[in-house]
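> Protein chains in written order, with the working numbering: chain A, 1 to 318; chain B, 1001 to 1649; chain C, 2001 to 2361; chain D, 3001 to 3274. We put the beta carbon where it would ideally sit given N, CA and C, even for glycine. Take this structure, written in structure tokens, and hold onto it; I'll ask about it next.
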Amino acid sequence: MDILHSIFVAPFIDMGAYPDFLLQVIWEGFVAGVLYSLIALGFVLIYKASGVFNFAQGIMVVFAALVLVSLHEMGMPAWVAVLVSVVVMGLLAIGVERFVLRKLVNQHDAILLMATIGLTLVLKGSGQLIFGGEPKPMITRELGLPTGASDWEVFGGVVIFQHIDIAATVVALLMVLALAVFFSKTRIGRALRAVADDHQAALSVGISLHQIWAIVWFAAGIVALVTGIMWGARSEVSFALEIIALKALAVLILGGFTSIPGAIVGGLVIGIGEKLFEVYWGALFGSGVEAWFAYVLALIFLLFRPQGLFGERIIERV
Amino acid sequence: MRSLPSLPHYLLRNAEQYANRVAMRHKDLGIWREWTWAEICGEVQSYAMGLKELGLCHGDKVAIIGGNRPRLYWSFSAIQSIGAIPVPVYADSVAEEMVYVLEHAGVRFAVCQDQEQVDKVVSVHDQLPGLSNILYDESRGMRDYDVQVILSIDAVQNLGRRALERDSHRAVQWRTEIDTLSGNDMCVMLYTSGTTGRPKGVMLSHDNLIITSINANTFDKLDVDEQTIAYLPLAWVGDHVFSYGQSLTAGYCVCCPESPETISADRREIAPTYFFAPPRVFESLLTAITVAMEDASRPKRAMFDHFIRVAKGYGEDVLNGAPLPLFSRLHYAIGELLVYGPLKNRLGMSRVRVAYTAGEAIGPDIFRFYRSLGINLKQLYGQTEASVYITAQPDGQIDADTVGIPSLDVEIRIADNGEVLYRSPGVFLGYYRDDEATASTRTADGWVYTGDAGFIDEKGHLRIIDRAKDVGRLNDDSLFPPKYIENKLKFFPSIKEAVAFGDGRDYVAAFVNIDLAAVSNWAERNDIVYASYQELAGHPLVYDMIERHIEEVNRDLAAEPRVAGACIRRFLVLHKELDADDGELTRTQKVRRKFINERYQALIEALYSDRDTQFVSTTVIFEDGRKGKIEADVTIRSLGEVPDMQMAS
Amino acid sequence: MLYREAGQFKTSYAADQALLPILQDRIGLSLILLVAFVGIPLLATDFFIGSVMIPFLVFSLAAIGLNILTGYAGQLSLGTGAFMGVGAYACYKLTTYFPDINIILLILFSGVFSAAAGVLFGLPSLRIKGLYLAITTLAAQFFLEWCFIRIAWLYNYNDSGAIEVPTRKLLDIAITGASATPVVRYLVIISVVTLMALVAANVLRGRIGRSWMMIRDMDIAAELMGIRPLRAKLSAFAFSSYYCGVAGALMVFMWIGSAEVESFDINHSFLVLFMVIIGGMGSLLGCFLGAAFIWVLPIIIRAVPQLIGLDLLAATTEHLTNIIIGVLIIFFLIVEPHGLARLWQLGKEKLRTWPFPYASN
Amino acid sequence: MNHARRWSDQLSEELGSGASAELLSVDNVSLSFGGVKAIADISFDILKGEVRAIIGPNGAGKTSMLNVINGFYHPQEGIITFRGKQRRRMKPYQAAASGIARTFQNVALFKGMSTLDNIMSGRSLKMHCGFLWQVVHIGPARSEEIRHRRRVEEIIDFLEIAHIRKQPVGKLPYGLQKRVELGRAMAMEPELLLLDEPMAGMNLEEKEDMSRFIIDLNSEFGTTIALIEHDMGVVMDLADRVVVLDYGRKIADGTPAEVQANQDVIDAYLGVAH
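Below you can see the structure in the form of structure tokens.
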């Protein structure tokens, strides 16, 4: 009975007793969720347009941030370094399309996934080789990102909002909006949407598949760069992020592989969920449950809705 | 060694002497089933008992129709053991051809391989009043037949087994009956397909087969350890001697392939030590080798070509055990490791001790190619009427142009007109129900006319030029040996068949049949597009290629004084393949000259006119038995003189 | 060329269905086993045995495990490391409670625990396919990793949080622990691996192995032929995890001697996955080739700069190794998605049909 | 083919007890996907030992009908009775176990396996040897494997595919793949064999071969066959009775001759507006 009580009753009593703390936990989870969503967004972009499950998205985040920080270390002004980083991500996209994707056209999904695992190793190895494996601080101030925090007195307590977290949320929001505009208003964006449905249709728009792949990888690269900056600003730029980025896979399960809103909602659910779970239930298990919560949630979710939150029911044909 | 009186005696001997040695294998349902001599003897015994139960008597004739299946070979033994006479029939002949043989032989039973053969026999059943039962080997599709008349070999053997159980004395009786067989009794009747006229039933005695078989085994030192693969028609005397007579007398193992499509794979698995194939098989194998090697990578092809040249240089000497410098020996040894060994392995000939080819002349290049690889390929000359062996090449005395020295106990004589005659223990008893033909073929003192023209060379080897009656004269009285010319043409891989004309004409002209496999491959490499055999055959570039080949043949001919007048002046490439189903070839794939003369009258006349195309329309029979028509405008091409030779003379 | 098959014919289905129907293969394998069981123990240095052969064999076994699941049954898994961990911790606990039972038996038995874990985490495979399933196996990976840290009972409440392998003996010869010589440990490992590879080969060619491949190749058709998908998939998970578990136990008890959670982390899962990809999915031979390649390549990369007098930092060579392996994975996927085993198979086919470029019959 | 004879004897005994008995009957079956009716209130039966054709224009619901019969789709309404047992929901593997086998419109072979293994896979339901025996692959495991291999070899012989026995099926020509698929279904020794366009994409000669196999299969082994086929010539030659579907409805049922003369059928095929 004790056990049931501590699972089903006590945590909620705690929540009610200190609503300010609950709010703080939810906010922390929300911000983490935003970053999960951003990584998942990168996955979705590429998966939608090319059917490639890009395992390297996580390492791309690290790689992009490292490039930026290192360029600045070498004496480049911050915004120039951002521009150069964008160019680097563009070159990477072209390289990946040219030397990997193009050679693997029409291959089985699993093989493409494996190829991006290979790409992960290459990016990781070369990142460490060129920039060193040590964690580095993000050039937050140089980029004009806010620091510091504001307090919000509520429910008889205080909730602390880090400015960088607010900025991250805003930037993420802007990026989603930008992507939405890009997809619905521009010719290339429409072609990208078409290609997700039907490869032939895209060709009729007059854009080659090769170009489309390069563009989506570039877009995913930019998303990675932004994610890297925000993440780096919250903690630091390190390869440890790679493991955390795997959580974006769980996000994808919830949101579905092809849905941008799904990626966002999924990210937030997991971010908030794992924080709540860690804080209110973690002690029951011994702490550190954040490490697996996302995956177990995804697993349980899958058993009931294999098509994801926003996916359609799949009818198998023979 | 004294021979036993009959082939069933040898079966009994083997069942005792080689009881547990494998006598026969058959790839069936994916694996090689094996039977020892003792097992076969048991099978044959119950089979024979069953046949007796069905009322088969001494002297009755039994047709055997089908492929190389163990049960069909056992049928020979079972039938012979009760003094009846097996009459194997070509399985690919259509019902109308079959009915003549069955009717002429007056068969009582017919043993068929499968439903297809049964159906053929059933369809002509009313023309065969003497036929009482049909037996079959494979039961597929046989559900709805009249079980009183048509029954499986299994069922017959069961009958036999039950009879043996009822009366154990039967087994002894069976042996006693075998003992009543004598060497002079008829053992088998083989119908020769013959290039002209109706097939004739060649009656061979037990002694004919036994003595020739033993002599052949002695000649090539074949013993109980040999392995051979049976894949040639049962009705052909060669198969009857190689896969039956020689096997029984030597006790060696005969392997039956799974199906016609798997013969080469099956041969590779078995790797026979004693192997026979008509020149055609060796030709098509070589073509396949050449074609396959053209797809190989450049370095590999270069290596292959290099070592094939090396083999051409010393291979023959190595095989004959002639002395060679150490370097050449080494060079050949490397070739053996890299090319010859693997090649023989792929061909399933790595264990071949003795291989023979016969039936037609083999291209000297082809012949030497196999020999140079280290395969002891030899030629023999034989006939149904002689129980095969007339002459054969002894080891180490090999020449592409000869067919060897007289086999053991065979005497040879050349008649004044050049025709070859022989006398031997293998000489047949006579043609069945045709004393006239017997008398005109075999002289009173036992000499048999072969119908082939030839001569014995200074080394005592026989050389065959052509069919005696086919050697003709051109109007300028120069010699015209058609087959000699045709063979030279056929030695080119791209030419499958050729027919030469010239007897009583002003010059020599020829029909050519292209080899589809070789030419289509060549066409592919040269970007020649075609939709059908006919289109490919009529293609100008194909004509160019054939023309070059003919020029080469002409140069050869011109170099030989005796046939220098027979150079080809005009030729055409036939729009369809010559086919046994259409009656253009015999079942053994020999050209039916007379038939072709009639059928392609218009084309022949065009060859001797100055037209350069000729329309022709031919009826053909498709594989499924339907009839159709093929029409074409066939191009005729003329060749120039042979300038070189004339300048030289 | 080396293969001369003429004259090798089968007179029974048993011979036709033998593991190695070709004589030359049987000779080749006998030679390899001779070298492995006699040559290497007699001639090789401790370094070679301890740092090359033993890890190679451990990883080969793990790769067989993963390959059964991924290559034969078509279920992608990223949880190999954790399943290895289950085996290792299970073995540790078993030998703690039953110190007198032969350690080799315990190692073999510890696989049963990871098989159970495999079945548990394989349950979703009934409803989930492909990449989705791969992600759920991450749940196994991270959850089990967490267990290895949080459940102190697993490591006997050691302060270090690590398990230390005790010395265990067989016929008075130490086979685990600090006093066990590399040669002895090697002989134990190679025996276990040889035996288990044979077992895997037997299972894979029988009814069960066929049911896995049916599910892999066309799950719908398999179901319509009477295969129960759940049973087939779970049996694959169980069998596969058993192998991973034994490999994990061998890794700790016969190779590194002590272990903490890092020994079973996601990187190990990926390492084994790379071995399977590069070695060849759906090939037992590929497991060995892949393990050799992925394990030996870094050793060579480390050795080469020294040989040519270049002094590189250890970290640098590790990064280089990562890059090279990454590039090789991509290269292999492009050139031969079926890995080294397929290359060998193609080569063998060339040798069988030599001098012809293909089997023309 | 000893086993073939035994097998068919056994079947004919069963047939003897209730000649032309109903093997399967479909009663008022309806199936829809998210509001789209694939099959609307269809009833028909299949008699033991007959060759039953299901025909109809594209999208008529033929393949859906087969999917319903072997348990791949679950109809919302209606009852299926097979060998006297009624059922509404059934898993495909249960259908297989009860004696229904099928082939697919687009060959669904196990691409990674050889011809032999593909056909062996059809024996899965008949193999029971335990795991531990399989591990050592001696004794019962081996003899079971060999016993079934022999059966499979008989099928290989029946279908004349000995020459491709050990080749991977992925590289075989289409016509041969279809033949292997038929072999795989035959290996299940089914009571009812469903063939989904067994001759699609074949040339004339291949079609003739396939027809011969289907006829032999039906007459030698007494296997009941339901087939979907577009080639009307083939249907008229092979089928004892024909059921015609159009837009998920049954529009005709009878002998080939009757069906051919049916006005609705003619309209459906000529595309008369509905």
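Taking DSSP as the reference, what is the three-state secondary structure of GLY2248/C?
Stepping through the third sequence from its first residue, residue 2248/C is reached at position 248. Helix, per DSSP.
> Determine the contact status of VAL2252/C and VAL2192/C, defining contact as a CB-CB distance below 8 Å.
Looking up residue 2252/C in the third sequence gives position 252. Looking up residue 2192/C in the third sequence gives position 192. Against a cut-off of 8 Å, the Cβ pair of VAL2192/C and VAL2252/C comes out as no contact.
> Is the beta carbon of ALA2063/C closer than 8 Å to that of VAL2272/C?
Here residue 2272/C is taken as the residue at index 272 of the third sequence, counted from 1. Here residue 2063/C is taken as the residue at index 63 of the third sequence, counted from 1. It is a contact, given that the beta carbons lie within the stated cut-off.
> Please report the distance separating the alpha-carbon of CYS2244/C from that of ARG3150/D.
Your numbering for residue 2244/C matches position 244 in the third sequence. Your numbering for residue 3150/D matches position 150 in the fourth sequence. Rounded to the nearest angstrom, the two C-alpha atoms are 36 Å apart.
> Is the region 62-71 of chain A touching the region 231-245 of chain A in the sense that three or more CB pairs, one from each, lie closer than 8 Å?
Yes: the two stretches touch, three or more of their Cβ pairs being nearer than 8 Å.
> Suppose the cutoff is 8 Å on Cβ atoms and the five residues either side in sequence are ignored; what does the same chain contact list for ASP20/A look like?
The sequence position of residue 20/A within the first sequence is 20, counting from 1. Around ASP20/A: VAL154, PHE155, GLY156, GLY157, VAL158 and VAL159.
> Using the beta-carbon of each residue, which ones in chain C are nearer than 9 Å to LEU2996/D?
Past the edges of chain D, shown from 3001 to 3274, lies residue 2996/D, and the structure says nothing about it.
> CB-CB under 8 Å to GLN1646/B, same chain, minus the five flanking residues each way: which ones, in chain order?
By 1-based counting over the second sequence, the position of residue 1646/B is 646. Residue placement at GLN1646/B cannot be trusted, given a pLDDT of 42 that sits under 50; the coordinates are not used to answer.
> Opposite ALA3053/D in the DSSP bridges: which residues?
The count along the fourth sequence starts at 1 and reaches residue 3053/D at position 53. Per DSSP, LEU3227/D and VAL3242/D.
> Out of curiosity, what's the CA-to-CA distance linking ALA1439/B and ASP2016/C?
The residue given as residue 1439/B occupies position 439 in the second sequence. The residue given as residue 2016/C occupies position 16 in the third sequence. Each residue's Cα considered, the two are about 56 Å apart.
> Measure the alpha-carbon distance for ALA1523/B versus ILE1514/B and round it to whole angstroms.
Here residue 1523/B refers to the residue found at position 523 of the second sequence. Here residue 1514/B refers to the residue found at position 514 of the second sequence. Spanning the two alpha carbons is a distance of roughly 12 Å.
> Would you say ALA3162/D reaches chain B, if we count a Cβ-Cβ gap shorter than 8 Å as a contact?
In the fourth sequence, residue 3162/D corresponds to position 162, counting from 1. Taking Cβ atoms only, chain B reaches closer than 8 Å to ALA3162/D, which makes this a yes.
> For the region 3091-3122 of chain D, enumerate the residues whose C-beta is nearer than 8 Å to any C-beta of chain C, in chain order.
Per Cβ criterion, the list reads LYS3091, PRO3092, TYR3093, ALA3095, ALA3096, ALA3097, ALA3101, ARG3102, PHE3104, ALA3108, LEU3109, PHE3110, LYS3111, GLY3112, MET3113, ASP3117, MET3120, SER3121 and GLY3122.
> Name, going along the chain, the residues of the region 1005-1038 of chain B whose beta-carbon falls closer than 7 Å to a beta-carbon of chain D.
Result list: LEU1029 and GLY1030.
> Where MET60/A and GLY118/A are concerned, what is the direct C-alpha to C-alpha distance, given to the nearest angstrom?
For the purposes of this step, residue 60/A is taken as residue 60 along the first sequence, with counting starting at 1. For the purposes of this step, residue 118/A is taken as residue 118 along the first sequence, with counting starting at 1. Cα to Cα, the separation comes out at about 13 Å.
> If you reduce the DSSP assignment to three classes, tell me which class ILE1412/B lands in.
Translated into the one-based positions of the second sequence, residue 1412/B becomes position 412. In the structure shown, ILE1412/B sits in a strand (DSSP, three-state: E or B).
> Flag THR2136/C as yes if its beta-carbon sits less than 8 Å from any beta-carbon of chain E, otherwise no.
Absence of chain E from the displayed structure is noted, the protein chains being A, B, C and D.
> Between which two residues does the beta strand (DSSP E) containing THR321/A stretch?
The first residue shown for chain A is 1 and the last is 318, placing residue 321/A beyond what the model contains.
> Using DSSP bridges, identify the partner residues of HIS1026/B.
On the second sequence, residue 1026/B is found 26 positions in, with the first residue counted as 1. Its beta-bridge partners are ARG1033/B and CYS1256/B.
> Could you give the C-beta distance for ASN1014/B and LEU1248/B, rounded to a whole number, given that I count them as a contact under 8 Å?
Your numbering for residue 1014/B matches position 14 in the second sequence. Your numbering for residue 1248/B matches position 248 in the second sequence. Contact flag correct, Cβ pair sits at about 7 Å.
> For ILE1412/B, which of PRO1070/B, ASN1208/B, ARG1433/B and ALA1386/B has the nearest alpha-carbon?
Along the second sequence, read from residue 1 onward, the residue named residue 1412/B stands at position 412. Out of PRO1070/B, ASN1208/B, ARG1433/B and ALA1386/B, ALA1386/B has the C-alpha closest to the C-alpha of ILE1412/B.
> For GLU1043/B, count neighbouring C-beta atoms within 10 Å of its own C-beta (all shown protein chains included) and say buried if the count is 16 or more, exposed if not.
As a position in the second sequence, residue 1043/B is number 43, starting the count at 1. The residue is buried, with at least 16 neighbouring Cβ atoms inside 10 Å.
> Counting only Cβ pairs nearer than 8 Å, list the residues of chain D close to SER1259/B.
Here residue 1259/B refers to the residue found at position 259 when the second sequence is read from its first residue. Here the neighbours are GLU3160, ALA3162 and HIS3163.
> Do we get a CB-CB distance below 8 Å when we pair GLY1348/B with the residues of chain C?
The sequence position of residue 1348/B within the second sequence is 348, counting from 1. Answer yes: the Cβ-Cβ gap between GLY1348/B and chain C drops below 8 Å somewhere.
> Please compile the residues from chain B whose C-beta is within a distance smaller than 9 Å of the C-beta of PRO2021/C.
In the third sequence, counting from the first residue as 1, residue 2021/C sits at position 21. Chain B residues near PRO2021/C: none, gap ~11 Å exceeds 9 Å.
> Touching or not, the region 1096-1107 of chain B and the region 1073-1084 of chain B, by the rule of three or more beta carbon pairs under 8 Å?
Taking 8 Å as the limit for Cβ pairs, the verdict is that the region 1073-1084 of chain B does not touch the region 1096-1107 of chain B.
> Count the other C-beta atoms from every protein chain shown that fall within 10 angstroms of the C-beta of TYR2013/C, then say buried if there are 16 or more, exposed otherwise.
Working through the third sequence from its first residue, we reach residue 2013/C at position 13. Buried.
> I'd like the list of long-range same chain contacts for ILE1456/B, defined as Cβ closer than 6 Å, with 5 residues on each side in sequence excluded.
By one-based count along the second sequence, residue 1456/B stands at place 456. The answer, listed in chain order, is LEU1462.
> Buried or exposed: HIS5/A, going by 16 or more other Cβ atoms within 10 Å of its Cβ?
As a working note, residue 5/A is residue 5 in the first sequence. Exposed is the call here.
> Using a Cβ cut-off of 9 Å, which residues of the region 43-66 of chain A contact any Cβ in chain C, in chain order?
Within the region 43-66 of chain A, the residues whose Cβ lies closer than 9 Å to some Cβ of chain C are PHE53, listed in chain order.
> Restricting to Cα atoms, I'd like to know which of TYR1010/B, ASP1395/B and ILE1390/B is closest to ASP1409/B.
By 1-based counting over the second sequence, the position of residue 1409/B is 409. Taking only the C-alpha atoms, the option nearest ASP1409/B is ILE1390/B.
> Give me the chain C residues within the contact set of GLU3145/D, using Cβ-Cβ distance strictly less than 9 Å, ordered along the chain.
Here the question's residue 3145/D lines up with position 145 in the fourth sequence. The answer, in chain order, is TYR2013, ALA2014, GLN2017, ARG2205, GLY2206 and ARG2207.
> Quick check on the burial criterion: 16 or more other C-beta atoms within 10 angstroms. Buried or exposed for LEU2043/C?
Indexing the third sequence from 1 puts residue 2043/C at position 43. Exposed: under 16 other Cβ atoms inside 10 Å.
> For ALA2116/C and chain A, any beta-carbon pair shorter than 8 Å?
What you label residue 2116/C is simply residue 116 of the third sequence in a count that begins at 1. Output row for ALA2116/C: interface = no.
> Give me the DSSP bridge partner(s) of GLU1385/B.
As a first step, residue 1385/B is located in the second sequence; it is residue number 385 there, counting from the start. Bridge partners of GLU1385/B: none, in fact.
> Does the distance from the C-beta atom of LEU3031/D to that of SER3064/D stay below 8 Å?
In the fourth sequence, residue 3031/D corresponds to position 31, counting from 1. In the fourth sequence, residue 3064/D corresponds to position 64, counting from 1. Cβ atoms of LEU3031/D and SER3064/D: closer than 8 Å.
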